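Student:
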Amino acid sequence: MRPPCELVIRDFLPAVRASTAKALKDRGLSQSEIAHGLDITQAAVSKYLTQPSSTVEENKAVAVLVKKLTDMIASGSDDSDKTTKALCSTCMYLRLGSTICRNHKESVPRLKLADCRICSELLAGREASLSGRAKVLAGLEVALEEIEACEHFFVVMPQVRANLVACDPDATSDSDVAGVPGRITLVNGRAVAHEGPQFGASRHTAALLLWAKGRWPQTRACLCISGRDDIVQSAKAQGFTLYNTTKPTTDALEIAESAGMVIKRTTKQPSLIAVHVPGGIGVEPILYLFGRSAEELARGCISICEDLYHASSPPS
């Protein structure tokens, strides 16, 4: 097993660090400042500064990357996510039929004989399992941005906080469902997702999404909000087909079983679905919204928020 990652660790990353260290030294930074900027030891910086240039450092794409990293570190704008994105973007670029790809085939001749195109398939979106997961995350990020931009999301926020989950057609377990770690909460009256969506971040809402996907195959997302009566009525007005369960519970399996009994009595295949779980002793009423995408659910929920907010506002 000789993956291209081996070359990245052995050749690409050290070359980028060495070139960046030399460029930062030329700009007057001390070895300790360079070490801090590159997040490595000062001893490593000293080693990089004395080693001769490699063929990797002479690559045009690497030179562009080194300048970008040098500018970031020298200006103090070297946030870890930005530098990591810049580094990984160039690495992926060089793995797509470029330097890393060629060097990898030379070091592992059998790959050259097999006309290896693995990186192109994985990184260019032709691997369905990866591109599907990437699309799920991208859709969730767009949906969360819309929810965070909604001034009135607080009107549907349950005490247990809201959650939004999504999956692709092949999802079979909660590890295949992406959600918001820590759920969506309120900060100064505005909806906030403190972390970006991740796969396996939800169990409860993910279980309900998988159940709904089994019942309505086109279902790809679920959003849980407060189940107050006015919210339920607004959801119906916004086009959600409502199914009312009768048992107050927080157990996903019990919710699915109860909803399943109600759904058996209908042959509808709606695109927007709402399952209402009533409140009880120690149980808050919750409305689970289901749709074909996270973006669709976000827009539908925002319409509910606006409807409720304006209905409660006194006439001007």
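Each residue of the sequence shown is one higher than the one before, counting from 1285 in the numbering used here. We put the CB at the ideal spot given by N, CA and C, even for glycine. For clarity, every value in this text was computed on a predicted model and none was experimentally measured.
1) Do Leu1428 and Val1464 have their CB atoms nearer than 8 Å?
2) So, at 7 Å on beta carbons, what are the nonlocal neighbours of Asp1514 in its own chain, with the 5 sequence-adjacent residues on each side left out?
3) Kindly indicate the opening and closing residues of the beta strand (DSSP E) around Ser1486.
4) Grouping DSSP H, G and I as helix and E and B as strand, with all else coil, what is Phe1574?
5) DSSP on Gly1563, reduced to helix/strand/coil?
6) Which class does Ile1402 belong to by DSSP, given the choice of helix, strand or coil?
7) Under three-state DSSP, which class holds Ser1316?
8) Is Val1300 closer than 8 Å to Ile1283 when the C-beta atoms are compared?
9) Over the uninterrupted beta strand (DSSP E) stretch that includes Val1449, give me the two end residues.
10) Tell me where the alpha helix (DSSP H) around Val1329 begins and ends.
11) To the nearest angstrom, how far is the alpha carbon of Ser1303 from that of Cys1375?
12) To the nearest angstrom, report how far apart Cys1403 and Ser1382 are at their CA atoms.
13) According to the neighbour-count rule (16 or more other Cβ atoms, all chains shown, within 10 Å of its Cβ), is Thr1503 buried or exposed?
14) What are the boundary residues of the alpha helix (DSSP H) that includes Ser1542?
15) Quick check on the DSSP output: what are the complete alpha helix (DSSP H) runs of length 4 or more inside the stretch 1368-1393, in order along the chain?
16) In three-state DSSP terms, what is Leu1601?
17) Let's see if you can read the secondary structure: which residues bound the beta strand (DSSP E) around Ala1475?
18) As a quick exercise: from Cys1506, Glu1425 and Leu1494, pick the residue whose alpha carbon is nearest that of Val1476.
19) Mind reading off the beta-carbon distance from Phe1524 to Leu1556? Whole number of angstroms is fine, and I expect it under 8 Å.
20) Assess, as a yes-or-no matter, whether the stretch 1534-1553 is touched by the stretch 1581-1590 under the definition of 3 or more beta carbon pairs within less than 8 Å.
21) Based on Cα-Cα distance, which residue from Leu1395, Arg1379, Glu1590 and Thr1533 lies nearest to Val1292?
22) Write down the C-beta distance between Val1444 and Glu1342 rounded to the nearest angstrom, noting that I regard them as a contact closer than 8 Å.
23) For Ser1510, does the three-state DSSP call read helix, strand or coil?
24) Among the candidates Ile1539, Lys1306 and Gln1326, whose CA atom is the shortest distance from the CA of Ser1338?
25) Is the beta carbon of Cys1451 sitting closer than 8 Å to the one on Lys1497?
26) Straight-line CA distance for Phe1574 to Leu1308?
Tutor: In this structure, then:
1) Sequence index remark: in the sequence shown, residue 1428 carries index 144 (1-based). Sequence index remark: in the sequence shown, residue 1464 carries index 180 (1-based). Yes.
2) Reading the sequence shown from its first residue, position 230 is the one you call residue 1514. Around Asp1514, the same chain offers Leu1592 as residues with beta carbons nearer than 7 Å, after the five sequence neighbours per side are excluded.
3) One-based indexing of the sequence shown puts residue 1486 at position 202. Element bounds for Ser1486: n/a, residue is neither H nor E.
4) Stepping through the sequence shown from its first residue, residue 1574 is reached at position 290. Of the three classes helix, strand and coil, the one that applies to Phe1574 here is strand, per DSSP.
5) Within the sequence shown, numbered from 1, the residue matching residue 1563 stands at position 279. DSSP, read as helix, strand or coil, puts Gly1563 in coil.
6) Counting from one through the sequence shown, the residue named residue 1402 turns up at place 118. DSSP places Ile1402 in helix when its eight states are reduced to three.
7) In the sequence shown, counting from the first residue as 1, residue 1316 sits at position 32. DSSP places Ser1316 in the helix class (H, G or I) of the three-state scheme.
8) No answer is possible for residue 1283: the residues shown for the chain start at 1285 and end at 1600.
9) Here residue 1449 refers to the residue found at position 165 when the sequence shown is read from its first residue. Taken as a continuous stretch (DSSP letters only), the beta strand (DSSP E) holding Val1449 covers Asn1447 to Ala1450.
10) Sequence index remark: in the sequence shown, residue 1329 carries index 45 (1-based). Its alpha helix (DSSP H) spans residues Gln1326 to Thr1334.
11) As a working mapping, residue 1303 is identified with position 19 in the sequence shown. As a working mapping, residue 1375 is identified with position 91 in the sequence shown. Taking the straight line joining both Cα atoms gives about 15 Å.
12) Here residue 1403 corresponds to residue number 119 of the sequence shown, with the count starting at 1. Here residue 1382 corresponds to residue number 98 of the sequence shown, with the count starting at 1. So the alpha carbons of these two residues sit roughly 11 Å apart.
13) Within the sequence shown, residue 1503 is the residue found at index 219, counting from 1. Buried.
14) Position 258 of the sequence shown, counted from the start, is the residue given in the question as residue 1542. That run of the alpha helix (DSSP H) goes Ala1536 to Ile1547.
15) Counting only runs of 4 or more, we get 1383-1391.
16) The structure shown does not extend to residue 1601, since the chain is modelled only from 1285 through 1600, so no value can be given for it.
17) Counting from one through the sequence shown, the residue named residue 1475 turns up at place 191. DSSP places Ala1475 inside the beta strand (DSSP E), whose first and last residues are Arg1474 to Ala1477.
18) Along the sequence shown, one-based indexing puts residue 1476 at 192. Checked all of Cys1506, Glu1425 and Leu1494; the closest Cα to Val1476 is Glu1425.
19) As a working note, residue 1524 is residue 240 in the sequence shown. As a working note, residue 1556 is residue 272 in the sequence shown. Confirmed, Cβ separation roughly 5 Å.
20) The stretch 1581-1590 is not in contact with the stretch 1534-1553.
21) Here residue 1292 is taken as the residue at index 8 of the sequence shown, counted from 1. Each of Leu1395, Arg1379, Glu1590 and Thr1533 was checked against the Cα of Val1292, and the nearest Cα belongs to Arg1379.
22) For this step, residue 1444 is matched to residue 160 along the sequence shown. For this step, residue 1342 is matched to residue 58 along the sequence shown. Their Cβ separation, rounded to whole angstroms, is 57 Å, which puts Val1444 and Glu1342 out of contact at 8 Å.
23) Taking the first residue of the sequence shown as 1, we reach residue 1510 at position 226. Residue state, collapsed to three classes: strand.
24) Residue 1338 sits at position 54 when you count from the first residue of the sequence shown. Minimum Cα distance to Ser1338 is reached at Lys1306.
25) As a working mapping, residue 1451 is identified with position 167 in the sequence shown. As a working mapping, residue 1497 is identified with position 213 in the sequence shown. Yes, the Cβ-Cβ distance between Cys1451 and Lys1497 is below 8 Å.
26) On the sequence shown, residue 1574 is found 290 positions in, with the first residue counted as 1. On the sequence shown, residue 1308 is found 24 positions in, with the first residue counted as 1. Roughly 52 Å separates the two Cα atoms.
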